[in-house]
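Asks: Encoded as structure tokens, here's the structure I'll be asking about.
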Amino acid sequence: MLTRTPVPCPGTAIEELDTPVLLVDLDVFEANLATLLSYCRNHGTLWRPHSKSHKCPAIARLQLQAGACGITCAKLSEAELMVANGIGPVLLANQLVTRSKLDRLARLQERQEVILAVDGPSGAALAGQAACDHGVCIPVVLEMDIGMNRVGVRAGESARQLARRLADTPGLELRGLMGYEGHVLAVQPREEKVRACHQALDILLETRTRLEADGLPLPVVSAGGTGCYDITAAYPGITEIQAGGGVFMDAMYRYKFHVDTLDFALTCLTTVTSRSASHVVVDAGFKTLSAYHQPPTLLDRDDLQLRYLSAEHGVFDLQPNAKGPAVGDQLRLVVGYSDSTTVLHDRFLGIRNGRVERIWQIEGRGCLD
Ligand SMILES: Cc1ncc(COP(=O)(O)O)c(C=O)c1O
């Protein structure tokens, strides 16, 4: 029978690891976590980190122990995994529109609060029926389109009608509003990004003011990703932010979204398997590293430029006149986008002082429904 690669023991030196493997620099990870949390605290905003970048209950637990007010999930099965591991409360920042999934969500409420994002009347009606049939209450937030043009109701009459419906549907408890300002993350220069972000958030805040004047209390206003965490967490009226991937940081956040207050904690350790005078090949291609949204880059060296990733080969051009690494050398790559990279792996190895300290299984890998 074939066996999988053995999991390295704590204490193993980085140089002794078989590659490719995902490393989390624990000092940097902890510093990123502290930066995100203290920034939120200093601005009176709660932190409900999105778990989609790690899909790992052990990391979610650390975030909660540090002071996060809960966890955000993108998928019901991710929320189920978190709840099964004692993690919560959870914000399921996505729509569920079939009865079977709403039954699963209703069953989860018996163990943990899982708030659902709703953006339409049919989802609201089905959620209410599921809650009543299971004898539970499903807390909901109304998801608004704040300019990203993905999901969410538009401001104005549509939002007012849906909010009233959510408040009046037996089995549901309307907690507030959510939106995601994903369309502003790459805006430059900084003043323009701040302006675009505020404009998006104002849609939530103005809606809340109007609906509260209509007698609908909306204590939660949730938004914010890593790419704009500092702008959103500091905006008066936003009660919590969902920024998640910032604990890892990646090339997309740094080079596309210009986040410079967090450092690279997540890298992929690779080995040079072949080289020529002009290029170097490592043992990690697109089945190990994702180039979706942003290609990976090298950590702490600038003599190599990614040419392409094939399935199991990463091909890098060597800068003219550079000596470059030798076959057998290890190279550490900053992942392009943590979300699309971590799901290719079974585990993270937490590294400190050059050795493995912790092994975190990516248990939510494959949790897609
Ligand atoms: C609903 C929602 N909230 C927050 C985020 C931000 O996540 P992160 O901070 O991991 O980039 C995203 C990213 O896609 C999202 O879709």
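With this note's numbering applied, the sequence shown has no gaps in its numbers, which climb one by one up to 1816 at the end.
No residue lacks a Cβ here, since even glycine has one placed at the ideal position from N, Cα and C.
If you're wondering where the values come from, they're calculated on a predicted model, not measured in any experiment.
Does proline 1586 come out as helix, strand or coil in the three-state DSSP assignment?
Replies: It is a strand residue.
Asks: Mind checking which residues open and close the alpha helix (DSSP H) that includes glycine 1775?
Replies: Counting along the chain, glycine 1775 falls outside any alpha helix (DSSP H), and DSSP gives it neither H nor E.
Asks: Is phenylalanine 1499 near ligand 1 - that is, is its Cβ less than 7 Å away from at least one heavy atom of it?
Replies: It should be pointed out that residue 1499 corresponds to lysine in this sequence rather than to phenylalanine. Yes, ligand 1 has a heavy atom inside 7 Å of this Cβ.
Asks: Go through the region 1736-1795 residue by residue and report every complete run of the beta strand (DSSP E) that reaches 3 residues or more, in order.
Replies: Counting whole runs of 3 or more residues, the region 1736-1795 contains the beta strand (DSSP E) stretches 1751-1756, 1761-1765, 1777-1781.
Asks: Can you give, in chain order, each stretch of the beta strand (DSSP E) that sits fully within the region 1661-1693 and has at least 3 residues?
Replies: Complete beta strand (DSSP E) runs here, min 3: 1667-1670.
Asks: Going by CA-CA distance only, name the one from Asn1596, Gln1510, Cys1644 that's closest to alanine 1481.
Replies: For alanine 1481, the nearest C-alpha among the options comes from Gln1510.
Asks: Nearest by alpha-carbon distance to leucine 1765: which of Ala1773, Glu1759, Gln1752 is it?
Replies: Closest by alpha carbon: Gln1752.
Asks: Cβ of alanine 1690 versus every heavy atom of ligand 1: is any distance shorter than 7 Å?
Replies: The answer is yes for alanine 1690.
Asks: Give me the Cβ distance between leucine 1745 and leucine 1796, rounded to the nearest whole Å; I'm assuming they're in contact under 8 Å.
Replies: In fact, because the Cβ distance is near 19 Å, the residues do not count as touching under 8 Å.
Asks: Per DSSP, which one or two residues make a beta bridge with leucine 1473?
Replies: Answer is none; leucine 1473 lacks a bridge partner.
Asks: Within a Cβ cutoff of 7 Å, which residues of the same chain sit near tyrosine 1784, ignoring the five residues on either side of it in sequence?
Replies: Excluding residues within five positions, the ones whose Cβ falls inside 7 Å are Asp1697, Met1699, Ser1737, Tyr1739, His1740, Gln1741.
Asks: Starting from serine 1605, trace the alpha helix (DSSP H) in both directions and tell me its first and last residue.
Replies: Unbroken alpha helix (DSSP H) run through serine 1605: 1604-1615.
Asks: Decide if asparagine 1479 is buried, meaning its Cβ has at least 16 other Cβ atoms within 10 Å, or exposed.
Replies: With 16 or more other Cβ atoms within 10 Å, it is buried.
Asks: Is the CB-CB distance between glutamine 1689 and serine 1721 below 8 Å?
Replies: No.
Asks: Give every residue of the same chain whose Cβ lies closer than 7 Å to the Cβ of alanine 1633, excluding the five residues on either side of it in the sequence, and list them in chain order.
Replies: Hits under 7 Å: Lys1703, Phe1704.
Asks: My assumption, with CB atoms under 8 Å, is that glutamate 1620 sits in contact with valine 1587. Please give the rounded CB distance.
Replies: Glutamate 1620 to valine 1587, Cβ: 7 Å. Contact.
Asks: Does DSSP put valine 1454 in a helix, in a strand, or in coil?
Replies: Three-state DSSP puts valine 1454 in coil, outside helix and strand.
Asks: When the Cα of asparagine 1596 is compared with those of His1645, Gln1635, Gly1629, Pro1664, which residue comes out closest?
Replies: Looking at the Cα atoms, Gly1629 is the closest of the given residues.
Asks: Taking the straight line between their C-alpha atoms, what separation do you get for glutamine 1542 and serine 1723?
Replies: Those two C-alpha atoms are separated by around 50 Å.
Asks: Just to confirm, are proline 1675 and valine 1631 a CB contact at a threshold of 8 Å?
Replies: It is cysteine, not proline, that sits at residue 1675 in the sequence shown. Contact: yes.
Asks: Classify alanine 1526: buried if its beta carbon has 16 or more other beta carbons within 10 angstroms, exposed otherwise.
Replies: It is buried - the Cβ of alanine 1526 has at least 16 other Cβ atoms within 10 Å.
Asks: Is the CB-CB distance between glutamate 1687 and tryptophan 1807 below 8 Å?
Replies: Not a contact, by the Cβ cut-off of 8 Å.
Asks: Would you check if the distance between the CB atom of leucine 1821 and the CB atom of alanine 1571 is smaller than 8 Å?
Replies: This structure cannot speak to residue 1821, because the chain is shown only from 1448 to 1816.
Asks: Return yes when the Cβ of threonine 1466 is within less than 8 Å of the Cβ of threonine 1708, no when it is not.
Replies: In this structure, threonine 1466 does not lie closer than 8 Å to threonine 1708 by Cβ.
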